Amino acid sequence: MTDEEKIKAMRLARAIASDISLYNEQKIIKGIEQDNLFEVLKEELEEGRELYKSRVSQEVYTTANFFERAVNDIVLRSKAHVKSKIW
13 MTDEEKIKAM RLARAIASDI SLYNEQKIIK GIEQDNLFEV LKEELEEGRE
63 LYKSRVSQEV YTTANFFERA VNDIVLRSKA HVKSKIW
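What follows is the structure, given as C-alpha coordinates:
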(Lines of atoms letter the chains of each structure in order from A and count residues from 1; the text may use other names and numbers.)
(Lines give C-alpha, C1' and ligand atoms only; values in the text may rest on other atoms or scores of the structure.)
Protein backbone atom coordinates (compact mmCIF):
# COMPACT_ATOMS: atom_id res chain seq x y z
CA MET A 1 0.00 0.00 0.00
CA THR A 2 1.49 3.31 -1.05
CA ASP A 3 1.30 6.55 0.89
CA GLU A 4 -0.87 7.98 -1.88
CA GLU A 5 -3.33 5.08 -1.51
CA LYS A 6 -3.45 5.66 2.26
CA ILE A 7 -4.12 9.38 1.84
CA LYS A 8 -6.86 8.80 -0.73
CA ALA A 9 -8.48 6.12 1.44
CA MET A 10 -8.42 8.37 4.51
CA ARG A 11 -9.95 11.26 2.55
CA LEU A 12 -12.66 9.02 1.15
CA ALA A 13 -13.45 7.57 4.57
CA ARG A 14 -13.68 11.05 6.09
CA ALA A 15 -15.91 12.29 3.25
CA ILE A 16 -18.30 9.37 3.70
CA ALA A 17 -18.35 9.81 7.48
CA SER A 18 -18.98 13.55 7.01
CA ASP A 19 -21.97 12.80 4.79
CA ILE A 20 -23.34 10.35 7.34
CA SER A 21 -22.95 12.97 10.05
CA LEU A 22 -24.43 15.79 7.99
CA TYR A 23 -27.51 13.96 6.77
CA ASN A 24 -28.29 12.10 10.00
CA GLU A 25 -27.61 14.65 12.72
CA GLN A 26 -30.87 14.12 14.62
CA LYS A 27 -30.51 10.33 14.48
CA ILE A 28 -26.97 10.63 15.79
CA ILE A 29 -27.99 12.86 18.69
CA LYS A 30 -30.86 10.55 19.60
CA GLY A 31 -28.62 7.48 19.32
CA ILE A 32 -25.99 9.02 21.61
CA GLU A 33 -28.59 10.11 24.14
CA GLN A 34 -30.19 6.66 24.17
CA ASP A 35 -26.88 4.76 23.96
CA ASN A 36 -27.87 2.89 20.80
CA LEU A 37 -26.05 4.92 18.16
CA PHE A 38 -24.74 1.99 16.14
CA GLU A 39 -28.17 0.37 16.05
CA VAL A 40 -29.78 3.64 14.95
CA LEU A 41 -27.19 4.20 12.21
CA LYS A 42 -26.80 0.56 11.18
CA GLU A 43 -28.06 1.00 7.61
CA GLU A 44 -26.17 4.24 6.99
CA LEU A 45 -22.93 2.80 8.34
CA GLU A 46 -23.28 -0.39 6.29
CA GLU A 47 -23.98 1.64 3.16
CA GLY A 48 -20.99 3.89 3.86
CA ARG A 49 -18.73 0.92 4.57
CA GLU A 50 -19.77 -0.77 1.32
CA LEU A 51 -19.14 2.43 -0.66
CA TYR A 52 -15.73 2.77 0.97
CA LYS A 53 -14.90 -0.89 0.29
CA SER A 54 -15.90 -0.55 -3.36
CA ARG A 55 -13.59 2.43 -3.90
CA VAL A 56 -10.38 1.28 -2.20
CA SER A 57 -8.11 -1.67 -2.90
CA GLN A 58 -8.64 -4.92 -1.05
CA GLU A 59 -5.26 -4.43 0.63
CA VAL A 60 -6.24 -1.03 2.00
CA TYR A 61 -9.62 -2.31 3.16
CA THR A 62 -8.25 -5.35 4.99
CA THR A 63 -5.13 -3.79 6.55
CA ALA A 64 -6.32 -0.35 7.66
CA ASN A 65 -9.44 0.73 9.53
CA PHE A 66 -9.70 4.19 8.01
CA PHE A 67 -13.49 4.05 7.71
CA GLU A 68 -14.06 3.07 11.35
CA ARG A 69 -11.59 5.71 12.50
CA ALA A 70 -13.34 8.36 10.42
CA VAL A 71 -16.71 7.40 11.90
CA ASN A 72 -15.28 7.76 15.40
CA ASP A 73 -13.57 11.06 14.63
CA ILE A 74 -16.34 12.71 12.66
CA VAL A 75 -19.62 11.19 13.79
CA LEU A 76 -18.86 10.60 17.48
CA ARG A 77 -16.33 13.20 18.51
CA SER A 78 -18.20 16.01 16.79
CA LYS A 79 -21.17 15.24 19.05
CA ALA A 80 -19.22 15.05 22.31
CA HIS A 81 -21.36 17.90 23.66
CA VAL A 82 -24.49 15.72 23.61
CA LYS A 83 -25.51 14.53 27.07
CA SER A 84 -25.12 10.80 27.42
CA LYS A 85 -24.39 8.18 30.04
CA ILE A 86 -21.65 6.77 27.78
CA TRP A 87 -19.30 9.73 28.29
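Count the sequence shown with the numbering used here and you get residues 13 to 99, in order. For each residue, glycine too, the CB sits at the ideal point set by N, CA and C. Remember, predicted model here, so these are calculated numbers, not experimental data.
Expected contact under 8 Å - CB spacing of residue i and residue j to nearest Å
i           : j          : result
residue 163 : residue 13 : Nothing about residue 163 can be reported from this structure: the residues present for the chain run from 13 to 99 only.
residue 79  : residue 25 : 4 Å
residue 97  : residue 47 : 6 Å
Residue i - containing alpha helix (DSSP H), residue span
i          : result
residue 67 : 54 to 67
residue 14 : Note, residue 14: premise wrong, no alpha helix (DSSP H); not H, not E.
residue 72 : 70 to 75
residue 91 : Segment: none, residue 91 is in no alpha helix (DSSP H) and carries neither H nor E.
residue 44 : 37 to 45
Burial state of residue i, where buried means 16 or more other Cβ atoms lie within 10 Å
i          : result
residue 50 : exposed
residue 21 : buried
residue 92 : exposed
Inter-stretch contact (C-beta, 8 Å, three-pair minimum) for the region 82 to 96 and the region 28 to 42: As far as the Cβ criterion goes, the region 82 to 96 touches the region 28 to 42, which means the pair count is three or higher.
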